[in-house]
Amino acid sequence: VRYSFAFVEIIAEGIFSRWNVPCYTGGQFNFYGSELAEYRTTNAGVNVDFKYEPPFLPGSYAALRVEHLSFLTAETDSASLSSWDDDVSRVSAVVGYKLARNVTAKVSISDQSPLDQSLYAVRFYLSAFF
100 VRYSFAFVEI IAEGIFSRWN VPCYTGGQFN FYGSELAEYR TTNAGVNVDF KYEPPFLPGS
160 YAALRVEHLS FLTAETDSAS LSSWDDDVSR VSAVVGYKLA RNVTAKVSIS DQSPLDQSLY
220 AVRFYLSAFF
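For reference, each letter of the sequence shown is one residue, going 100 to 229 in my numbering.
Set out below in structure tokens:
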């Protein structure tokens with residue numbers, strides 16, 4: 100979903116995935132009888148982006164992204180349910196400026212769950228394309 104008005108843009112998206120994967124634990128594949136055992140895994144993700152391009156400084160922008168990935172259940176052939184990974188949340192903020200038609204500089208900072216600054220990153224980018 101995308102919404103824009105004047106100097107603001109909001110984009111949101113979500114995804115749900117479900118797939119079958121072989122059971123591999125303890126360094127070996129698991130079998131039920133003569134059949135290879137499978138996990139039926141699911142996960143869901145969502146992210147929302149906010150972008151603002153100030154009219155008083157052409158070529159600049161500020162953006163914020165909030166995202167979350169949930170690892171839902173893993174069901175085995177024996178119908179048991181288990182958690183298969185930890186959920187992840189991340190918040191990222193970016194400030195950028197278009198130096199020329201094909202050159203952009205930006206600085207970003209992001210923090211990943213738990214959102215306590217123990218897993219954060221600061222990045223400096225200079226992008227050029229031809």
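Using N, Cα and C, we set each Cβ at its ideal position, and we do this for glycine too.
A residue is called buried when at least 16 other Cβ atoms come within 10 angstroms of its Cβ; Y224 does not meet this threshold and is exposed.
In the DSSP assignment, D148 forms a beta bridge with I110 and R164.
According to the DSSP secondary-structure assignment, P121 is paired through a beta bridge with E137. When the Cα atoms are used, S188 and G144 turn out to be separated by approximately 10 Å. Look at S103 here: in three-state DSSP terms it is strand. Per DSSP, L156 has no beta bridge partner at all. By the neighbour-count criterion, in which a residue is buried when 16 or more other Cβ atoms sit within 10 angstroms of its Cβ, G113 is exposed. With contacts defined as CB atoms closer than 8 Å, L163 and A204 fail to qualify as a contacting pair. DSSP places R189 within a strand segment (E or B) once states are collapsed to three.
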